Amino acid sequence: MIEIIKRTNIDFMGKRYIAFIVSGVLSLVGILAIVAIARGTANLGIDFAGGTAVQVKFDSGVTLHQVRAALEGNGIKGADLQDFPSAKKVLIVLKKAGEHTSSPSSSKDAAAVEKGLSDKVIEALTKGFPGNKITVDSISEIGPKVGKRLRVDALWAVIASTVGILIYVGWRFQFSFSLGAIVATFHDVLAVLGFFYITGLEINLILLTALLTIAGYSLTDTVVVFDRIRENMRVLLKETIDSLINRSINEVLSRTLITSLTVLLASIALFIFGGEVLHDFALAMILGVLVGTYSSVFVASPVVLLWSGNKPLIKKQR
Numbered sequence: 104m105i106e107i108i109k110r111t112n113i114d115f116m117g118k119r120y121i122a123f124i125v126s127g128v129l130s131l132v133g134i135l136a137i138v139a140i141a142r143g144t145a146n147l148g149i150d151f152a153g154g155t156a157v158q159v160k161f162d163s164g165v166t167l168h169q170v171r172a173a174l175e176g177n178g179i180k181g182a183d184l185q186d187f188p189s190a191k192k193v194l195i196v197l198k199k200a201g202e203h204t205s206s207p208s209s210s211k212d213a214a215a216v217e218k219g220l221s222d223k224v225i226e227a228l229t230k231g232f233p234g235n236k237i238t239v240d241s242i243s244e245i246g247p248k249v250g251k252r253l254r255v256d257a258l259w260a261v262i263a264s265t266v267g268i269l270i271y272v273g274w275r276f277q278f279s280f281s282l283g284a285i286v287a288t289f290h291d292v293l294a295v296l297g298f299f300y301i302t303g304l305e306i307n308l309i310l311l312t313a314l315l316t317i318a319g320y321s322l323t324d325t326v327v328v329f330d331r332i333r334e335n336m337r338v339l340l341k342e343t344i345d346s347l348i349n350r351s352i353n354e355v356l357s358r359t360l361i362t363s364l365t366v367l368l369a370s371i372a373l374f375i376f377g378g379e380v381l382h383d384f385a386l387a388m389i390l391g392v393l394v395g396t397y398s399s400v401f402v403a404s405p406v407v408l409l410w411s412g413n414k415p416l417i418k419k420q421r
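Take the sequence shown: its position 186, counted from the start at 1, is 289 in this note's numbering, and no numbers get skipped.
Here it is in structure tokens:
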């Protein structure tokens, strides 16, 4: 196997308390993001908040100020606009029916307003730019009830994946390893989610897909370290756990870095060349690879050490 780093002897476990502080801050921000999502105060995409999204392409370039003026001139207010100047495209997002039009008198009226909103947006742009041909790329309309249901389904997806990880790692290793894997996986998901929250980036189903992918990647990276720890447990029965874990991480460090760099380069390529649809997914993957590599070393293994104490591990027979 190609080795970019040979015979390292880094005391990773000696730095575990610093890592716990850093990880605690990252996880806290992620928890705040979850609370904000539950309360509806985060920047939720229409997948979760409900609303209408229209992406249009202009023959000639326009500014966001001109687009907003055209919408507001036709009574459509509170739109979130995203510009793609190289492609001469604009994404117009209107979240929840009552926020951009006059309040309907009933839920039936609200549904009617939401249903016809995309047509009103297109009509407003056509009037606002009479000499500029407009092509509609895509239209998405999701009601608030559907958005709420998607939020609940997303939560159950995360819970189901966590339970699966707990069962798998607990069966293959020991409970302390299972606990370490769960903590590391949650840590990675919370860290990336927290970044999107504090930077105001949109939280949607694409991000959820990235988070589940990150969870799988992080688990795979963690299992590699745990496998080496288990192998060393069979021949280093008298060695203390902190020394054994340090030895194991150093032995697989080159493999971990090569794997992470490979995935990172692919994610960067997606971020640069994948277009606007894959932009947020690729950004989440870049962050996830960095945080996942960090957590495999400084979160998962230290949790095993913290749970087991500084004593030889008992090998689990298979």
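Note that CB positions come from ideal geometry on N, CA and C, so glycine has one too. The structure displayed is predicted, hence computed values, not measured ones.
- Message: Can you list, in chain order, the residues of its chain with a C-beta nearer than 6 angstroms to that of Asp222? Leave out the 5 residues immediately preceding and following it.
- Response: none
- Query: At what residues does the alpha helix (DSSP H) containing Leu373 begin and finish?
  - Reply: 344-376
- Cβ atoms of Gly283 and Asn146: under 8 angstroms apart, would you say? no
- Determine the contact status of Asp330 and Gly395, defining contact as a CB-CB distance below 8 angstroms. no
- Could you spell out where the alpha helix (DSSP H) holding Glu244 opens and where it closes? Unbroken run through Glu244 is the beta strand (DSSP E), 237-245; no alpha helix (DSSP H).
- Query: Taking the C-alpha atoms as reference points, what is the distance between Gly154 and Met116?
  - Reply: 48 angstroms
- Near Thr312, which residues of its chain fall below 6 angstroms by C-beta distance, leaving aside the five closest residues on each side in sequence? none
- Can you list, in chain order, the residues of its chain whose CB lies under 6 angstroms from that of Leu293, leaving out five sequence neighbours each side? Ser130, Gly133
- With 16 other CB atoms within 10 Å as the buried threshold, where does Ser370 fall? buried
- Query: Of the choices Thr288, Thr362, Phe374, whose alpha-carbon is the least far from that of Thr265?
  - Reply: Thr288
- Query: So what does Val157 bridge to, in DSSP terms?
  - Reply: Ile195, Ile242
- For Phe187, three-class secondary structure by DSSP: strand
- Message: With H, G and I counted as helix, E and B as strand and the rest as coil, what does DSSP make of Ile306?
- Response: strand
- Task: Drop a sphere of 10 angstroms on the beta-carbon of Ile344, count the other beta-carbons inside from all chains shown, and report buried for 16 or more, exposed for fewer.
- Result: buried
- Query: Hey, quick one: how far does the alpha helix (DSSP H) through Ala182 stretch, first residue to last?
  - Reply: No alpha helix (DSSP H) contains Ala182, which DSSP labels as neither H nor E.
- Query: Whole-angstrom Cβ separation of Ala318 and Asp291, contact assumed at under 8 angstroms?
  - Reply: 7 angstroms
- Would you mind reading off the limits of the alpha helix (DSSP H) that contains Asp222? 220-231
- Message: Does Leu147 come out as helix, strand or coil in the three-state DSSP assignment?
- Response: strand
- Query: Does any residue of chain D bring its CB to less than 8 angstroms from the CB of Gly378?
  - Reply: The structure shown contains no chain D, having only a single protein chain.
- Task: Can you say whether Tyr397 is buried or exposed, counting buried as having 16 or more other CB atoms within 10 angstroms of its CB?
- Result: buried
- Between the Cα of Leu408 and those of Gln277, Lys191, Asp183, spot the shortest distance and give me the residue it belongs to. Gln277
- Quick one, which of Ile237, Arg333, Leu368 has its alpha-carbon nearest Gly391's? Leu368
- Per DSSP, what kind of secondary structure is Asn335 in: helix, strand or coil? helix
- Message: Taking 8 angstroms as the limit between beta carbons, can you name the residues of its chain near Leu315, skipping five residues before and five after?
- Response: Ala260, Val261, Ser264
- Could you tell me whether the Cβ atoms of Ile332 and Leu322 are closer together than 8 angstroms? no
- Query: Of all the options Gly231, Leu184, Glu175, Ile121, which has the alpha carbon lying nearest to the alpha carbon of Glu305?
  - Reply: Leu184
- Which runs of the alpha helix (DSSP H), 4 residues or longer, sit entirely within the region 378-416? 379-398, 404-411
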